[in-house]
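Notes follow the structure.
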Amino acid sequence: MSTLAVNTLAAADAANKCAPGLPAGFCHEHAETGCVAGNGLFCFGWAADNFDRYVDPFFRQLEIAVISVAIGFVIALGLALLSHRRRFLVPPLIGLTGVLYTIPSVAFFFLLLPITGFGFWTAVIPLSAYTLQIIYRNAVVGFANVPADARDAGRGMGMSEGELLLKVELPLATPEIIAGLRIAIVSTVAVATLAFLAGAGGLGQLLSEQNNFKTNIIMIGVLTIVMALILDLIVLLCQRLLTPWLRVRAAQ
Amino acid sequence: MILLANVIDSFVGAFDFIFHQREALTHGGVQVGGLDYIWPFARTQLEVTAVGLGGALAIALPIGLVLGHIGKGEYFAVGFGNAGRAVPEIAVVFLLAAIIGIGLGNVAIALGILGLPPILTNTFVAIRQVDRTAVQAGEAMGMRPWQVLLRVELPLAAPTIMAGVRTAAINIYATATIATFVGLSTLGDFIASESVYGRDGVVAGAILIAFFAMLIEAGLAGLQWLVTPRGVKLQRAARSA
């Protein structure tokens, strides 16, 4: 830390301009205004001046959420394809993914602690486990809703079972699968706020450093919601690109 | 193999913490661990969960039932549920703690708020999904609107409503774990205080939190089965046969 920074922090400390319990790093520039000192509901000046401290944790949380959902998506879709022609596998898989979903994230992190230690994967494994339930269930429903006529048409064209799956059933099930993916990504972003408990960082880390400074709490909440909305929008755009026929039908 | 042995050791230690007393790592010789020691923490967590869930039900269920019955407010009811998923629970708990203070009642309020979206959305959707011909049959039999709602729509919608209640309950219970950070002594205490309870206590806390979560889930799944009308069960059995 530079001498200047140390002096600034020391000065802020000495003047005791922070809200009670605020770490020294939180008290610069706008500390002298009443809002921060009085712990007002939302101090815009402070938020604008300190926005940079949220950037890295934001992208860390984004990384955790996106990787978790990607892993969960691959596994859930794989399970759905596996149980597609083996219907007897569906109830046990729904049950198993449901049990995983029931374990609270905090407990899940610390159950993994003896195995994976603190860090990135201790957060990612539970978060991807949570997405299985919703994505798998939706994919199964999506495959089940493929019209029998479409299957027959494919068979009539001489498609093998594999071709039928990839060229007919998978595309027709895409809207349901994406609907599951959207729910999964939004809730994963929210739960990823807790990833700091697993030692993986993210916006929750800033929450643990200062948990009664309202501006900080609201910043974290709002940034998390914004992250969820952006990812949701991206997935929605992907769906429009992947299912052009739905738009044609809507236009007709 | 050394790794595996360590993992097994951790879990053996955790179960030892659950069932037997031992000396705390700090606080000079205070006894911690054992079922008698753990139970008050579990009870606090279950109590705050029950109060939060009860509050969420008292608010969201009537609103969902009425909106579903009159068929208005779909945008609000469904959008509220979707938006609710994006909100980080821990931020709500901390924010309410910073605004209204800590304590069982205040934490229950925060938890109740988190339970509103899934119950409201599921109740609304469940009522809307009820077969309109069943509703018309009720009306033709001379039922008043509230009779249609309570005797026709509610029983047929009960399984889907219960699914929302289960989601809410699990959310609320999981968040009650975090309430330890705002001063409520729930099972999360064992996880948050490694310096006192040691690594065994931390893993024991995780096991206990997961255990009670499954107990709640199993209990509510049973309740869901009980509130599902017999006719609906028969219909389902016939369809899957």
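As they're listed, the protein sequences go chains A and B.
Following this note's numbering from start to finish, the first sequence increments by one per residue and tops out at 252.
Following this note's numbering from start to finish, the second sequence increments by one per residue and tops out at 493.
For every residue, glycine included, the Cβ atom is placed at its ideal position computed from N, Cα and C.
For the alpha helix (DSSP H) containing residue i, name the first residue and the last one.
| i | result |
| --- | --- |
| residue 463 of chain B | 446 to 479 |
| residue 128 of chain A | 120 to 144 |
| residue 231 of chain B | For chain B, the structure presents residues 253 to 493; residue 231 of chain B sits outside this window and is missing. |
| residue 354 of chain B | Neither: residue 354 of chain B is in no alpha helix (DSSP H) and is coded neither H nor E. |
| residue 321 of chain B | 287 to 322 |
| residue 418 of chain B | 406 to 430 |
| residue 113 of chain A | 105 to 116 |
| residue 171 of chain A | 170 to 191 |
Taking a contact to mean a Cβ-Cβ separation below 7 Å, would you say residue i touches residue j in this structure?
| i | j | result |
| --- | --- | --- |
| residue 189 of chain A | residue 228 of chain A | yes |
| residue 265 of chain B | residue 441 of chain B | no |
| residue 412 of chain B | residue 374 of chain B | yes |
| residue 202 of chain A | residue 75 of chain A | no |
| residue 316 of chain B | residue 376 of chain B | yes |
| residue 102 of chain A | residue 133 of chain A | no |
| residue 356 of chain B | residue 400 of chain B | no |
| residue 312 of chain B | residue 368 of chain B | yes |
| residue 360 of chain B | residue 217 of chain A | no |
| residue 79 of chain A | residue 93 of chain A | yes |
| residue 109 of chain A | residue 197 of chain A | yes |
| residue 193 of chain A | residue 370 of chain B | no |
| residue 481 of chain B | residue 407 of chain B | yes |
| residue 205 of chain B | residue 303 of chain B | The question about residue 205 of chain B has no answer here: the residues shown for chain B are numbered 253 through 493. |
| residue 338 of chain B | residue 186 of chain A | yes |
| residue 325 of chain B | residue 380 of chain B | no |
| residue 372 of chain B | residue 362 of chain B | no |
| residue 169 of chain A | residue 146 of chain A | yes |
| residue 215 of chain A | residue 46 of chain A | yes |
| residue 456 of chain B | residue 271 of chain B | no |
| residue 308 of chain B | residue 420 of chain B | yes |
| residue 458 of chain B | residue 212 of chain A | no |
What three-state label does DSSP hand residue i in the structure shown?
| i | result |
| --- | --- |
| residue 35 of chain A | helix |
| residue 273 of chain B | coil |
| residue 210 of chain A | coil |
| residue 155 of chain A | helix |
| residue 382 of chain B | coil |
| residue 339 of chain B | coil |
| residue 248 of chain A | helix |
| residue 222 of chain A | helix |
| residue 284 of chain B | strand |
| residue 369 of chain B | helix |
| residue 215 of chain A | helix |
| residue 491 of chain B | helix |
| residue 257 of chain B | helix |
| residue 227 of chain A | helix |
| residue 403 of chain B | helix |
| residue 396 of chain B | coil |
| residue 441 of chain B | helix |
| residue 160 of chain A | coil |
| residue 262 of chain B | helix |
| residue 349 of chain B | helix |
| residue 202 of chain A | coil |
| residue 390 of chain B | helix |
| residue 42 of chain A | coil |
| residue 333 of chain B | helix |
| residue 325 of chain B | coil |
| residue 243 of chain A | coil |
| residue 375 of chain B | helix |
| residue 30 of chain A | A caution first: residue 30 of chain A carries a pLDDT of 48, below 50, which makes its placement in the model unreliable, though a value can still be read off. The answer is helix: DSSP assigns residue 30 of chain A an H, G or I state. |
| residue 5 of chain A | At residue 5 of chain A, the pLDDT of 43 sits below 50, so the modelled position is not reliable; the number obtained from the coordinates is stated separately. Correct three-state label for residue 5 of chain A: helix. |
>> Pairs of beta-carbons, one from the region 165 to 180 of chain A and one from the region 225 to 243 of chain A, closer than 8 Å: are there three or more?
In response: yes
>> For a minimum of 4 consecutive residues, which ranges assigned as the alpha helix (DSSP H) are wholly contained in the region 44 to 101 of chain A?
In response: Whole alpha helix (DSSP H) segments, 4+ residues: 44 to 49, 52 to 84.
> Are the region 296 to 314 of chain B and the region 421 to 441 of chain B touching by the rule of at least three beta carbon pairs closer than 8 Å?
Replying inline: Contact check between the region 296 to 314 of chain B and the region 421 to 441 of chain B: three or more CB pairs, one atom from each, fall below 8 Å, which counts as touching.
> Do the region 326 to 345 of chain B and the region 464 to 484 of chain B meet, that is, are 3 or more Cβ pairs less than 8 Å apart?
Replying inline: The answer is no - the region 464 to 484 of chain B does not touch the region 326 to 345 of chain B, with fewer than three Cβ pairs under 8 Å.
>> I want to know whether the region 397 to 412 of chain B touches the region 443 to 450 of chain B - three or more CB-CB distances under 8 Å.
In response: no
> At a Cβ cut of 9 Å, what residues of the region 88 to 107 of chain A count as close to chain D, listed as they run along the chain?
Replying inline: The chain labelled as chain D is not found among the protein chains of the depicted structure, namely A and B.
> Quick one: any contact between the region 159 to 172 of chain A and the region 118 to 136 of chain A, if contact means 3 or more CB pairs under 8 Å?
Replying inline: no
> Does the region 123 to 142 of chain A come close enough to the region 50 to 70 of chain A that 3 or more CB-CB pairs lie under 8 Å?
Replying inline: Taking a cut-off of 8 Å for Cβ pairs, the region 50 to 70 of chain A and the region 123 to 142 of chain A touch, as three or more such pairs fall below it.
>> When you compare the region 134 to 141 of chain A with the region 457 to 475 of chain B, are there three or more beta-carbon pairs, one atom per stretch, that lie closer than 8 Å?
In response: no
> Is the region 272 to 284 of chain B touching the region 378 to 386 of chain B in the sense that three or more CB pairs, one from each, lie closer than 8 Å?
Replying inline: Fewer than three pairs of CB atoms, one per stretch, sit closer than 8 Å, so the region 378 to 386 of chain B makes no contact with the region 272 to 284 of chain B.
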